[in-house]
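*Asks:* Take a look at this one; I'll ask things after.
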Amino acid sequence: MADLIFHHYQNSPFSEKVRLIFGFKKLAWKSVFIPPVMPKPNLTALTGGYRRTPVLQVGADIYCDTALIADVLERVAPTPSLYPLEIEGQSRTLAQWADATLFWTVIAYVFQPVAMPYLLGPLTPEQMKAFGADRAAMRGNAPRMSVGEATGSLREYLRRLENMLAGGKPFLLGAQASIADFSVYHCVWFLQLAQPLADILDMAPNLKSWAARMAEFGHGQSEKLRAESALEVAQEAAPASFDDLPFVDTHGIARGETVTITPTDYALDPVEGRLVLSSDTEWAVSRTDAVAGEVVVHFPRLGFQLKKI
Ligand SMILES: N[C@@H](CCC(=O)N[C@@H](CS)C(=O)NCC(=O)O)C(=O)O
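At position 53 of the sequence shown (counting the first as 1) the number is 33 in the numbering used here, and the numbers step up by one without a gap.
Following this line, the structure appears as structure tokens:
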């Protein structure tokens, strides 16, 4: 199989979710660092405009969103599973809650001036301003939460998570780790990074021990790769073909039609291409890029909108 090339940056919670899955599954991967703010020309050459972090590349196939990336890693390395059979539905649903509700509550809580340098590093006032402007543009009209609201909500979420671990359960849904643990973990990891505010976790001692246990999975084996080399890999590879797979049409859009795929929540950058894959859980478009050549860009159905052009 082609190398797993992971486009990410250090202090990105969703990247940490996937790095830890690499460790859980003992996978080797290539690490490409991307900028945390726009522009990201080497990344968008691959994705066709999708700017969020992280992105997984396998040859000329580009996978957006960590929910889909987790599914891809499960296909590559089925054991240990992220979706133990008897808790698959629960774990996916809890993960979806953590990646949206818990994540945005943590973001609203940690982005207080006292913790900013711990999350963003030593930025100049100009760089800080540029970061704020980038995120404001990315979030558009998405609702904002006040620090007070975030603090109260976070306390209640921590109480619930602590309750899930009561009685010495090793993982949130029982004896086995699942995708839910990884989605909750990246939020707790970001909270811990915000050192001056991290003592809110003291109310959840079981959750703190669980986080330490999760961290032990590590990040697998990684090797640095330059962004230009990742583009060369895409140019030289042929994307996978999906012509033999059943095409699940829920939109009145046929295989091969020109479409856009856009996130439904924030960073609403449409990716345009020919629809080559439509399964119960995933879409993919084929597009040709001046630098990356012919690539296929994949998205999960959940959280994305498909439109015919
Ligand atoms: N649902 C997405 C969320 C990804 C996300 O919001 N990532 C943050 C960084 S952790 C982001 O993209 N921030 C803006 C950026 O990096 O440009 C996923 O699971 O991958």
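All C-beta atoms in this analysis are idealised placements derived from N, C-alpha and C, irrespective of residue type, glycine included. Computed from a prediction, not measured in an experiment: that's the story for all the values here.
1) How is F(-6) classed by DSSP in three states: helix, strand or coil?
2) CB of S11 to nearest heavy atom of ligand 1: below 8 Å?
3) Span of the alpha helix (DSSP H) holding H166?
4) Could you tell me whether the Cβ atoms of W263 and R281 are closer together than 9 Å?
5) If we count the other Cβ atoms within 10 Å of its Cβ and call it buried at 16 or more, is P34 buried or exposed?
6) List the endpoints of the continuous alpha helix (DSSP H) containing A192.
7) From F191 to A270, what does the alpha carbon distance come to, in whole angstroms?
8) Measuring alpha carbon to alpha carbon, tell me which of R55, Y43, Y(-11) ends up nearest L7.
9) Would the beta-carbon of P93 be found less than 8 Å away from any heavy atom of ligand 1?
10) Buried or exposed: Y30, going by 16 or more other Cβ atoms within 10 Å of its Cβ?
11) Does DSSP put R140 in a helix, in a strand, or in coil?
12) With a threshold of 8 Å on Cβ separation, who are the neighbours of G154 within its own chain once the five nearest residues in sequence on each side are excluded?
13) At the level of alpha carbons, what is the spacing between L211 and N22?
14) So which of P250, A247, K287 has the shortest CA-CA distance to S258?
15) Kindly indicate which three-state DSSP category G128 falls into: helix, strand or coil?
16) May I ask you to report which of helix, strand or coil DSSP gives D179?
17) Pick helix, strand or coil for K6, following the three-state DSSP scheme.
18) Hey, D45 and G283 are a contact pair by Cβ (cut 8 Å); roughly how many whole angstroms apart?
19) Looking at C-beta atoms only, is the number of pairs between the region 218 to 226 and the region 188 to 208 that lie closer than 8 Å three or more?
20) Would you mind reading off the limits of the alpha helix (DSSP H) that contains F83?
21) Residues in its own chain within less than 6 Å of G253 by CB, not counting five upstream and five downstream?
22) Which first and last residues belong to the beta strand (DSSP E) in which L205 is found?
23) For I87, which of T261, F(-6), G198 has the nearest alpha-carbon?
24) Quick check: V(-2) and A50, are their CB atoms within less than 9 Å of each other?
25) Under the assumption that L181 contacts L173 (Cβ atoms under 8 Å), give the Cβ distance between them as a whole number of angstroms.
*Replies:* Per the coordinate set shown:
1) For the purposes of this step, residue -6 is taken as the residue at position 14 of the sequence shown. Helix at F(-6).
2) On the sequence shown, residue 11 is found 31 positions in, with the first residue counted as 1. Checking the 8 Å criterion, the Cβ of S11 is out of range of every heavy atom belonging to ligand 1.
3) One-based indexing of the sequence shown puts residue 166 at position 186. Per DSSP, H166 belongs to the alpha helix (DSSP H) from 159 to 173.
4) Locating residue 263 in the sequence shown gives position 283, counting from the first residue. Locating residue 281 in the sequence shown gives position 301, counting from the first residue. Yes. Within cutoff.
5) Position 54 of the sequence shown, counting from 1, holds the residue named residue 34. Per the 10 Å Cβ criterion, buried.
6) Here residue 192 is taken as the residue at index 212 of the sequence shown, counted from 1. Looking at the DSSP string, the run of the alpha helix (DSSP H) that includes A192 is 185 to 195.
7) Looking up residue 191 in the sequence shown gives position 211. Looking up residue 270 in the sequence shown gives position 290. Residue identity check: residue 191 is Ala in the sequence provided, not Phe. Roughly 43 Å between the two C-alpha positions.
8) Taking the sequence shown and counting its residues from 1, the one referred to as residue 7 is at position 27. For the residues R55, Y43, Y(-11), the minimum Cα distance to L7 belongs to R55.
9) Sequence index remark: in the sequence shown, residue 93 carries index 113 (1-based). It does not: the Cβ of P93 is nowhere closer than 8 Å to a heavy atom of ligand 1.
10) Reading the sequence shown from its first residue, position 50 is the one you call residue 30. With 16 or more other Cβ atoms within 10 Å, it is buried.
11) Locating residue 140 in the sequence shown gives position 160, counting from the first residue. DSSP places R140 in helix when its eight states are reduced to three.
12) Taking the first residue of the sequence shown as 1, we reach residue 154 at position 174. Cβ within range, chain order: I67.
13) Reading the sequence shown from its first residue, position 231 is the one you call residue 211. Reading the sequence shown from its first residue, position 42 is the one you call residue 22. Going from the Cα of L211 to the Cα of N22 covers about 7 Å.
14) Counting from 1 along the sequence shown, the entry for residue 258 is found at position 278. If we check each option's Cα against that of S258, K287 comes out closest.
15) In the sequence shown, the residue the question calls residue 128 occupies position 148. DSSP places G128 in helix when its eight states are reduced to three.
16) Within the sequence shown, the letter at position 199 stands for residue 179. The three-state secondary structure of D179, taken from DSSP, is helix.
17) Counting from 1 along the sequence shown, the entry for residue 6 is found at position 26. K6 falls in the coil class under three-state DSSP.
18) For this step, residue 45 is matched to residue 65 along the sequence shown. For this step, residue 283 is matched to residue 303 along the sequence shown. Confirmed, Cβ separation roughly 7 Å.
19) no
20) Within the sequence shown, numbered from 1, the residue matching residue 83 stands at position 103. First-last of the alpha helix (DSSP H) with F83: 83 to 90.
21) Counted from its first residue, the sequence shown places residue 253 at position 273. If we look at G253 and ignore the five residues flanking it on each side, its Cβ neighbours are V265, S266, R267.
22) As a working mapping, residue 205 is identified with position 225 in the sequence shown. Here L205 belongs to no beta strand (DSSP E), and DSSP marks it neither H nor E.
23) As a first step, residue 87 must be located in the sequence shown, where it is residue number 107. The option with the nearest alpha carbon to I87 is F(-6).
24) Counting from 1 along the sequence shown, the entry for residue -2 is found at position 18. Counting from 1 along the sequence shown, the entry for residue 50 is found at position 70. The answer is yes: Cβ separation under 9 Å.
25) Residue numbering aside, residue 181 sits at position 201 when the sequence shown is read from its first letter. Residue numbering aside, residue 173 sits at position 193 when the sequence shown is read from its first letter. Rounded, the Cβ-Cβ distance is 12 Å, inconsistent with contact.
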